[in-house]
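The structure under discussion appears below in the form of structure tokens.
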Amino acid sequence: MAGASRPVEPTDVSGGGFSPPGIRCGNCRTAAIISRSSLHLDPLMLDPALLRSHLADTAARLRQTRGYALDVATIEALESSRKQLAMQTQELQNRRNTRSRAIGQAKGRGEDVAPLLAEVAGLGDQLKANEQALAEAQVKLAQIALGIPNLPHDSVPVGKDEADNIEVSRWGRPREFEFSVKDHVELGERHGWLDGDAGAKLSGARFTVLRGQLARLHRALGQFMLDLHTTEHGYLECNVPVVVNADSMQGTGQLPKFEEDLFATEVGETKRYLIPTAEVSLTNLVRDTIQEADALPLRLTALTLCFRAEAGSYGRDTRGMIRQHQFEKVEMVQIARADQSHAQLEEMVGHAESVLQKLGLPYRKMLLCSGDMGFTAVKTYDLEVWLPSQQTYREISSCSNCEDFQARRLQARVRNLDSGKPELVHTLNGSGLAIGRTLIAVMENNQNVDGSITVPAALRPYMNGVERIA
RNA sequence: GGAGAGGUGGCAGAGUGGUCGAAUGUACCUGACUCGAAAUCAGGCGUAGGUGAAUAGCCUACCGUGGGUUCGAAUCCCACCCUCUCCGCCA
-18 MAGASRPVEP
-8 TDVSGGGFSP
2 PGIRCGNCRT
12 AAIISRSSLH
22 LDPLMLDPAL
32 LRSHLADTAA
42 RLRQTRGYAL
52 DVATIEALES
62 SRKQLAMQTQ
72 ELQNRRNTRS
82 RAIGQAKGRG
92 EDVAPLLAEV
102 AGLGDQLKAN
112 EQALAEAQVK
122 LAQIALGIPN
132 LPHDSVPVGK
142 DEADNIEVSR
152 WGRPREFEFS
162 VKDHVELGER
172 HGWLDGDAGA
182 KLSGARFTVL
192 RGQLARLHRA
202 LGQFMLDLHT
212 TEHGYLECNV
222 PVVVNADSMQ
232 GTGQLPKFEE
242 DLFATEVGET
252 KRYLIPTAEV
262 SLTNLVRDTI
272 QEADALPLRL
282 TALTLCFRAE
292 AGSYGRDTRG
302 MIRQHQFEKV
312 EMVQIARADQ
322 SHAQLEEMVG
332 HAESVLQKLG
342 LPYRKMLLCS
352 GDMGFTAVKT
362 YDLEVWLPSQ
372 QTYREISSCS
382 NCEDFQARRL
392 QARVRNLDSG
402 KPELVHTLNG
412 SGLAIGRTLI
422 AVMENNQNVD
432 GSITVPAALR
442 PYMNGVERIA
């Protein structure tokens, strides 16, 4: 459920297939990847050192863990020309600066500056050409770098797809029904509670209308989760934009690589995107900031709508509201110091588990293998809830540690207490939980033989004490 | 939508073509004075890249963003973004 959490396909970045989308920065008309870095930062996602000093090793690790083909030769060529151009440019700038200063001083003394001017003739054009060539090399490198996925943590099992994920634990026992279970669609359609046709009429496939008691139960779930995280888990409730600019999408890694998964709006010249998860809004809050070390970890939560184009999943989960273009989710985000981020990940998974436990929903906790993890993550746990109608566990939460991968794009830093120097923070995100899927799980697991649904005790305060909806 | 003002270092605030990466104040750090503190005095105090063993020097870039003029731009020109004030409209 995390942003850009679909598996990354092997990509040859040098091949004709890779064409960077024409992203426009929210604040200007130039490509976001250029503007954000001002071309003197390395707009990379991985530590630049990994692509310079340890390129071969990095390529091997990416291939082994992610099935990702890094074009070593192209990067090496670009990097060496970039480096040479950078040094030449600096030298030219140095020459221009010293000469110009001399001209200024000579003028101040009333001397003739003509010979000095002659000396500097042509320097400007040369410098301009150099700067342009340097910018081109940097953009090319950035385009490659922005498409490289994160390297998995050592504790992550190497594997190809979801079949290689590891079950860490299970909680609760699937209920044994003495009648034949109905799925959430059948349960919901009885009273017009859940209306896919109405959703299709208004918007199209993968949109749903909820009504009556079920709409209320849906609302109750969001309130319950938000209250739990803010009062018991120490999160700061945030209300954030769900329409964001390209810089934000690039900061958390949705752009440039996953544009086709996003809904977008265009008003005049300005293109904005609908968030696929509140991870985008919450994590971007620390973009271009330097946090104080003792303020970390930051724990942020928000209940928002999420929008996903679901491109490339046309045949999957077409029935009901498992996979929607629009859904609600309570998201947890933590901004942590490097030395604490993995402990924070364990804590955050616990927060998501606590929601399921309080609702009495059986689930299992999976450690994702390297090939099944999202683009930005170094380590991900998925929580999968039991769905009686499918006799299987389905993803309902995904909690990831991105370490400094997003932070590097975001320039989100923390001041080291000892050295006083800024260092990249680590960012974590997790669903706590996806509300639509939680609603499905509550309906199916708590159904009665007459089609009514028992409201979990934890939700009754949010349902005016109602114990059963029928 | 109309009219106007403005974006400079953590904050405040100078600077309208030439040693300006940027005065000054304030905050912060170090030292002196003090039993200690306050006050006072002296010094330091941005981020990033390159080159260094170096958290030393030296070089380069950064004054909302991008582009232009110029030997030289915080300063002049153009476009855009954002903020504020007034009017209109709107939940």
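Counted the way my numbering counts, the first sequence spans residues -18 to 451. For every residue, glycine included, the Cβ atom is placed at its ideal position computed from N, Cα and C. Predicted model, so just to flag it, every value in this text is computed and none were measured.
Arg82: member of the alpha helix (DSSP H) spanning Val53 to Gly89, first to last residue. Taking C-beta separations shorter than 7 Å and ignoring five residues to either side along the sequence, the partners of Glu273 in its chain run Arg396, following chain order. Each residue's CA atom was taken as its position, placing Ser379 and Asn75 some 51 Å apart. Our two residues, Phe356 and Glu376, have alpha carbons roughly 18 Å apart in a direct line. DSSP places Leu409 inside the beta strand (DSSP E), whose first and last residues are His407 to Ala415.
When the Cα atoms are used, Thr46 and Pro257 turn out to be separated by approximately 26 Å.
Out of Val225, Ala54, Gly193 and Gly249, the CA that lies nearest to the CA of Leu243 is found in Val225. Contact annotation, Ala388 with Thr408: C-beta distance approximately 6 Å; criterion of less than 8 Å satisfied. With respect to Trp174, Gly193 sits close: the two C-beta atoms are nearer than 8 Å.
The C-alpha of Leu368 lies about 29 Å from the C-alpha of Ser136. Closest option to Lys121, judged by alpha-carbon separation, among Asp142, Glu143, Ser81 and Ala58: Ala58. Within the same chain, Cβ atoms closer than 7 Å to the Cβ of Gln315 are found at Pro278, Leu279, Arg280, Gln325, Met329 and Leu409, the five residues on either side in sequence being excluded. If you draw a straight line from the Cα of Tyr374 to the Cα of Val366, it comes to about 5 Å. For Trp367, the beta-bridge partners assigned by DSSP are Tyr374.
With a threshold of 16 other beta carbon atoms within 10 Å, Ala102 falls short and is exposed.
Secondary structure at Glu384: coil, using DSSP grouped into helix, strand and coil. In terms of Cα proximity to Gln428, the closest of Met313, Arg449 and Arg297 is Arg449. Across the set Gly232, Leu398 and Ile416, the C-alpha of Gly232 shows the shortest separation from the C-alpha of Leu391. Glu327 sits away from His306, with the two beta carbons spaced by 8 Å or more. Judged by DSSP secondary structure, Lys346 falls within the beta strand (DSSP E) whose first and last residues are Tyr344 to Leu348. Counting only residues of its own chain and dropping the five nearest sequence neighbours on each side, Asp28 has a CB closer than 8 Å to the CB of Asp385 and Arg389.
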